[in-house]
Amino acid sequence: MSEDSVTALVLARGGSVSIPKKNICHLGGEPLLTRCIRELKSAKCFSNIWVSTDDQSIAQVALSAGAQVHWRANFTATNEASSLCAVQEFLQQQKQCCVGTLCLVQCTSPFLEASYIRQGIKKIFDGIADSVFTVTRSHSLRWSEIDDYITPLNFCPSNRPSRQSWQGELCENGMFYMTSADAIVKTGLLQSGRCSAVIVDPEDSLDIDTPLDLFQAELILMARHMLSGLPPGAQCEKLKELCSVMAERAEGSGWEDSPNSEERTPDYHKLLEYGLNEKVSLKLDQIYQQGKLRHEDLDERALDALKEFPVDGALSVLKQVLDSNLEHVSNKSAYLCGVMKTYRQRKQYNDGNGSGSFNPCGSGPNEEKLRAILDRTGYTLDVTTGQRKYGGPPPNWDGPPPGPGCEVFCGKIPKELYEDELIPLFEKCGDVWDLRLMMDPLTGQNRGYAFVTFTSRSGADQAVATLDNYNIRENVALKVNVSIPNLRLFVGNIPKSKSKDEIQEEFANRTAGLVEVIIYSSPDDKKKNRGFCFLEYESHKAASLAKRRLSSGRLKVWGCEIIVDWADPQEEPDDDTMSKVKVLYVRNLTQATTEDMIKETFEQFGTVERVKKIKDYAFVHYDERDAAVKAMTSLQNSDLGGANMEISLAKPPSDKKKKEEILLKREKRLMQMLTQRGMPVPPAMMRSGGGMGGRGGRGGGGRGGGDYDYDYDYYGYGDYPGGYRDPYYEDYFRIDDFYYPPEYSHGGPPPPMGGPRYKPMPASMMYPVTITMVGTTHIIEA
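Just so we're on the same page, this note's numbering is the position in the sequence shown counted from 1, plus 2.
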C-alpha cells in the first residue's frame, strides 16, 4: 500500500440534537469543520479529503476549505444511524476513489493536531498495526452497578493505586480511526487486526456535544493564546486575570463598559445574537454608523454567509465594502455576497496563500459625466460585483420588453472604459433600453464586453452598421453584432420510459416559463426517449433561473440526478458553402439498418462513393451534388429498415478549433457541477481532451440576454451564431478528410487510461444515461 492511497473522511451531518449544525458552529472565529480540514491538509498525509454530509451549508463550508463533498444517503444521516453505517455507504458509493487506508475524523474534536495524524499514519505504514485510533489516558477509578450496590472494576479498595504509581487506562476519545478500507468492508469494523493507539493529551481530547463544551473550548483557546510563552508563575497570574474578566462579563459589567469599547448602535447586539464574531460585528456596526449600510439592507443569506466566513476574510470583505461607492448598488445583500465570493476566488487564485485583500485596478467612470447622463435621461444605474447595469426599462415605458434582435453584443472594450463613454456612443444609434457592462470583481475593471438592448430592432441594426470595427481608442476597434438569447437547456439522465407530455408536466411544475420540450425517440422503440431532452423557455432569464434550480444538486427528477447544461450554439454555414455539399446526413435509422442497405437505397440516384453509419444516423457521399439533392428530395421520410428516414445536406464545420473550445468549456462546467455535488470526477475528464464527448450540436442559439447566470466566456468575442436547427444530432462532416469521430464521442466510454489508480470513464458519467434509485441502490441504464 502506498501513502498516495490514504483518504480522510469527515462525517458532518446537518442534524444535531444539542447544537444545530454543530459541525459548522464557530470556534475561534471559524467553523469547526474548517479547523478540522485545515489540520488534515497540514498533515500532508492524504491524497483525498472528503466530507460526508446531507446539508448544503455544511457542503459549502467544506468546499470553501478545500475538501470534496460526498452527499450521504438519508438513512445514514438519522440520529439512529451509526458512524460505521455512514462509512460503509461512502465506500460503496465512492468505489472509483480506490481508497487504501481510510482515516475517519471527528470534526467536533476541536484540538485535532497534524502531529497526532502523522503518528497514526506512521504506525500503519511501518507495519506496526492494522488499525490505529486515538485514546486518552485516564486515572479514573471505575465502579459498576449491580442491583442496589456497586463494585469496583479496575482497582482493589484495599490497595487503592496512587496516580504516580499507576499508568491508568486508555479510553477512546473518537478523534480519529485509521484502518484499511478492505478491512472495513470484510469485517464490518473500524478496529480490526493488530490495534494500536495514538495517545492524546487530556486537554486536547474535548469533544463538542453541548453549548457548554463549545464555551469550554473557547476558553481553552483564549487561555492558550494568553499563556503562550509565559513562565509558570506568570501563567497563573494571567489565568486569574482571565477569570476576572469572564466573571465581570457574566455579571453584565464590563462587556459594554470595557476600556476599548466604542459607541455602538443597537444593531450591534443583534449581530452578536445572530452569531457573528465580535470583531466582525464591530466592523459591520462601524459601516452602519457611517451610513454605508443599514441593518435592514442585509438579509439572512448575507448574514449567514458572513457568519460562516473566516474572521480575517470577513474583515477584509467589510473593508472593501466600506471603501466602495455603494450609491448605485440597489441590492446590498447580493453585493456583499458577491464580494465574499470574489474573496474566495482570489484566495484560490493565490494557491491559498493570498491575503484576499482587494486592490482594484479600475478607477471607475467619470462620476461627473455619469451623473449628468443619469440626470438627463432619468435612467437608473445598478451596480453589482459582476456587472454595471444602466436602464432597463427606460422611464415611463409601458410596453413589453424588446423582442429578439434588439440586443447587440459589444466586445473588445478597453478594460479601463466605462458606461460614461459607451452610453453617448450607442445613443446615436437609437433609443437604449439598457446597457450591461460586465465587470471582473478581482480587478475592478470591465471584462472587455457589454450588452446593449435597444427599444427596437432598427437601433440594434444601426449599432452593428456604424459601431462594428469602430475605433474607440487608437488602434482599438470594437466588435459589435446582434446577439440571440439562449433559451434552451439540455437535460440528461432522464428515464427513457417518460413521454413528452410527462416530461413537460414534470419540468413545468419545477420551473417557470417552460414553452416547449424536445425529445428524440429511439428508432428501434418509438415508445422510449433516448435518455435526454431539451427544454425551451420564454426568455433567457427564465432559462437561466431554471438552470440554476435544476443543477443545484438538491433536486431529483423521478429519482434521478439529472445533468443540466446550456444547449450548445450552432453556426449555420452560408449558402455558398452549402451549395457545394455532396454529402447527405441521414438520421432515424434502426440498429438493423446496415451500410450496405443504405448504399443500395441511395445509389439508384447516382454514384455513391461511400457510406458511413454511426449508431442511428449515417453520411452518404455522392460524387455529384445533383444526385445528392435528388436523393434527398425523393427519399425524404421514406421507410428503411422499419423507420422513416430524415435527410438533409450535411453541414461542413466552420471552425474546428472553436468547436473544440466549446467542448472543453462544456466539460469544465460539468466538472464544476460534479465537484459541487460531491460526485466523483471521471478520470477521463481530467485530461486535456476527449472527456465528455457528445455530438457537437446540442441545440442552437447565441449568447444569452438578461441579467442572470451569464456564461459569456463560453463563447468568446464575436461568437454569436444565431438560430436553432437540429438540437442534438451532429450533421457536420469534415470536408478535408471526411473524418468521423470515434464511438466514445457520441456517449460511450473513452479509451482506457493507463495507471493502476484510475479506471476508464464509466458510461454512466457520459450523457445521455439514466440512473434510477431502487431502495438505496443506483441502477444505471445506458
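We put the CB at the ideal spot given by N, CA and C, even for glycine. Everything numeric in this text was worked out from a predicted model, so none of it was measured.
Phe534 counts as buried, since at least 16 other C-beta atoms from the protein chains shown sit within 10 angstroms of its C-beta.
Secondary structure note for Leu651: its beta strand (DSSP E) is the uninterrupted segment 648 to 651. Counting only unbroken stretches of 3 or more residues, the beta strand (DSSP E) elements lying wholly within the region 52 to 83 are 70 to 73, in sequence order. Annotation for Ala219: Leu29, Pro112, Leu208, Ile210 place their beta carbon closer than 7 Å to its own, counting only its chain and skipping 5 residues before and after. Judged by DSSP in its simplified three-state form, Ser230 adopts coil rather than helix or strand.
Residue pairing by DSSP leaves Gln96 without any beta bridge partner. For Ala510, same chain residues with a beta-carbon under 6 Å away, outside a window of 5 residues either side, are Leu516 in chain order. Separation of the CB atoms of Phe428 and Ala465 is rounded to 6 Å, and the pair is thereby assigned contact status at 8 Å. When only Cα atoms are considered, Ser541 and Gly450 end up about 25 Å apart. Between Ala629 and Ile600, the C-beta gap is not smaller than 8 Å, which leaves the two residues out of contact.
Our two residues, Val341 and Val588, have alpha carbons roughly 51 Å apart in a direct line. The Cβ neighbour count for Val187, taken over all protein chains shown within 10 Å, is under 16; the residue is labelled exposed. In chain order, Gly407, Cys408, Glu409, Val410, Phe456, Val484 place their CB closer than 7 Å to the CB of Ala462, counting only its own chain and leaving out the 5 sequence neighbours on each side. For Asp527, the enclosing beta strand (DSSP E) stretches over residues 527 to 539. Residue state for Lys481 is assigned as strand, using DSSP reduced to three classes. Nearest to Asn76 by alpha-carbon distance, out of Leu216, Asn398, Ala14, Asp436, is Ala14.
Residue pairing of Lys294 in beta bridges, as defined by DSSP: absent, with no partner found. A distance of 8 Å or more separates the beta carbons of Val53 and Gln121. For Ala452, the enclosing beta strand (DSSP E) has its first and last residue at 448 to 456. Glu32 is bridged by DSSP to Leu29. The residues Lys498, Ser499, Ser523, Ser524, in chain order, have a CB closer than 7 Å to that of Lys530 in the same chain once the five nearest residues on each side in sequence are set aside.
Contact annotation, Glu626 with Lys584: C-beta distance approximately 7 Å; criterion of less than 8 Å satisfied. In this chain, Ser198 is not harboured by any alpha helix (DSSP H); it is covered by the beta strand (DSSP E) spanning 197 to 201. Between the C-alpha atoms of Asn473 and Lys430 there is a straight-line separation of about 16 Å. The Cβ atoms of Ala45 and Leu104 lie no closer than 8 Å to each other. Around the beta carbon of Met580, fewer than 16 other beta carbons lie within 10 angstroms, which makes this residue exposed. Residue nearest to Gly277 within the set Ser553, Thr609, Ala304 is Ala304 (criterion: CA-CA distance).
DSSP links Ser523 through a beta bridge to Asn531. As computed with DSSP, His141 is found in no beta bridge at all. Non-local beta-carbon contacts of Gln62 in its own chain, meaning distances under 8 Å to residues more than five positions away in sequence, involve Glu310 in chain order. Per the coordinates, the alpha-carbon of Thr78 lies some 60 Å from the alpha-carbon of Glu602. DSSP places His271 inside the alpha helix (DSSP H), whose first and last residues are 269 to 276.
With contacts defined by Cβ atoms closer than 8 Å, Ala452 and Leu424 form a contacting pair. In this chain, the alpha helix (DSSP H) harbouring Ser636 covers 627 to 637. Scanning Gln447, Arg512, Gly432 for the CA closest to the CA of Ala548 turns up Arg512. The alpha carbon of Leu192 has as its nearest neighbour, out of Gly561, Gln322, Cys87, the alpha carbon of Cys87.
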